[in-house]
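Taking this note's numbering as reference, the numbering of the sequence shown is continuous, increasing by one, and the terminal residue is 226. Note that beta-carbon positions come from the ideal geometry of N, C-alpha and C, so glycine has one too. Only a predicted model underlies this, so the values are computations on that prediction, with no experimental measurement involved. Take a look at the structure set out below.
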Amino acid sequence: MKNIFPGVWRNEGYIFTKNAVKGESIFTPRILKKGNTEYREWDPNRSKPAAAIMKGLKEFPIKPRAKILYLGIANGTTASFFSDITGPEGVIYGVEISERSIKDLNPIAEKRGNIVPILASARNPDEYSWIEKVDVVYQDVATSDQSDIMIKNAKRFLKPNGFAVIAIKARSIDVVKKPNEVYKKELAKLGEHFRILDKIKLDPYEKDHLFVVMKATGVKT
Ligand SMILES: C[S@@+](CC[C@H](N)C(=O)[O-])C[C@H]1O[C@@H](n2cnc3c(N)ncnc32)[C@H](O)[C@@H]1O
Numbered sequence: 006m007k008n009i010f011p012g013v014w015r016n017e018g019y020i021f022t023k024n025a026v027k028g029e030s031i032f033t034p035r036i037l038k039k040g041n042t043e044y045r046e047w048d049p050n051r052s053k054p055a056a057a058i059m060k061g062l063k064e065f066p067i068k069p070r071a072k073i074l075y076l077g078i079a080n081g082t083t084a085s086f087f088s089d090i091t092g093p094e095g096v097i098y099g100v101e102i103s104e105r106s107i108k109d110l111n112p113i114a115e116k117r118g119n120i121v122p123i124l125a126s127a128r129n130p131d132e133y134s135w136i137e138k139v140d141v142v143y144q145d146v147a148t149s150d151q152s153d154i155m156i157k158n159a160k161r162f163l164k165p166n167g168f169a170v171i172a173i174k175a176r177s178i179d180v181v182k183k184p185n186e187v188y189k190k191e192l193a194k195l196g197e198h199f200r201i202l203d204k205i206k207l208d209p210y211e212k213d214h215l216f217v218v219m220k221a222t223g224v225k226t
């Protein structure tokens with residue numbers, strides 16, 4: 006096992022996190038046991054940050070003890086790996102608009118103890134105004150106003166030196182325009198509010214997606 010980021014390992018071309026809930030094999034194709042430790046394989050075909058890491062991402066701000074606002078947490082597939090990485094001293098506030106997904110997320114959050122499911126629209130931060138300031142806003146809502154949602158939430162909840170991470174889905178923003186044109190426009194908009202540290206296309210794991218890691222220095226109010 007080679008440690009590639011805090012809380013993330015690589016072994017024979019596959020990536021892993023340490024399983025925070027021993028014996029639990031949900032959302033992973035495989036668990037590897039080394040001594041007393043269980044490593045969960047993180048499938049790049051089912052989780053965009055895993056795809057970004059496989060494709061050579063250099064900046065990965067999800068770290069042990071991080072406080073994260075996760076917009077579009079769905080049933081918690083990706084969040085379960087974030088939960089392994091942040092550990093019990095971290096927390097993931099997971100905003101999701103679909104009641105069905107929140108129902109699926111609830112038992113996972115209960116087992117893990119560091120995921121807080123929030124049934125709300127990420128367009129209305131007033132609905133979760135009670136959360137604390139976070140180190141990372143992670144956004145994967147796949148809507149046409151993805152960048153605006155990110156900017157709005159980061160202004161309100163991101164610590165001054167925090168990170169904003171977004172998976173831009175070109176087809177959700179404009180089905181007609183070429184993905185590269187969509188990315189250019191979205192990056193220009195995001196670049197007015199954040200410093201872009203790293204960006205990586207997720208093909209072939211996720212078609213027409215750009216994964217972008219940004220820093221909050223200069224978030225305008
Ligand atoms: C691509 S899926 C997320 C997958 C998830 N991030 C993962 O990797 O496990 C997008 C999610 O965003 C949710 N969503 C769409 N619009 C939303 C909004 N305005 N506020 C919160 N969630 C939203 C959808 O219901 C869906 O569950």
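- prompt: Can you tell me where the alpha helix (DSSP H) with PRO165 in it begins and where it stops?
  reply: It is not in any alpha helix (DSSP H) - PRO165 instead sits in the beta strand (DSSP E) that spans 163-174.
Where the beta strand (DSSP E) containing ASP109 begins and where it ends
Element bounds for ASP109: not the beta strand (DSSP E) but the alpha helix (DSSP H), 104-117.
- Query: Can we count VAL146 as close to ligand 1, meaning its CB is less than 6 Å from some heavy atom?
  - Reply: yes
* Asked: Run through DSSP, which three-state label would ASP140 get?
  -> strand
Rounded separation between ASP140 and LEU163 - CA only:
6 Å
- Query: What's the C-alpha gap between VAL224 and LYS160?
  - Reply: The predicted model places VAL224 with a pLDDT of 45, which falls under 50 and marks its position as unreliable; any figure quoted below should be read in that light. Roughly 6 Å between the two C-alpha positions.
With DSSP run on the structure shown, which of helix, strand or coil describes GLU43? strand
Looking only at its own chain, which residues have a Cβ that is under 6 Å from the Cβ of GLU191, when we skip the five neighbours before and after it? SER152 and ILE173
CA nearest to the CA of ILE31, picked from VAL142, LYS38, ARG70 and TRP47: TRP47
Practice item. Take ASP109 and list the residues in its own chain whose beta-carbon comes closer than 6 Å to its own, dropping the five residues that flank it on each side. Key: ASN80
Margin query: Rounded to the nearest angstrom, what separates ARG105 and ILE78 at their Cα positions?
Written below: 12 Å
Between ILE102 and SER126, how many whole angstroms is the CB-CB distance? I'm expecting something under 8 Å.
5 Å
Inset, instruction - Identify, in the order they occur along the chain, each residue of the same chain with its Cβ nearer than 8 Å to the Cβ of LYS39, setting aside the five sequence neighbours on each side. - result: MET6
Query raised in the report: Considering only the beta carbon of each residue, do PRO11 and PHE168 sit closer than 7 Å?
Result: no
message: Quick check on DSSP: helix, strand or coil for ILE156?
response: helix
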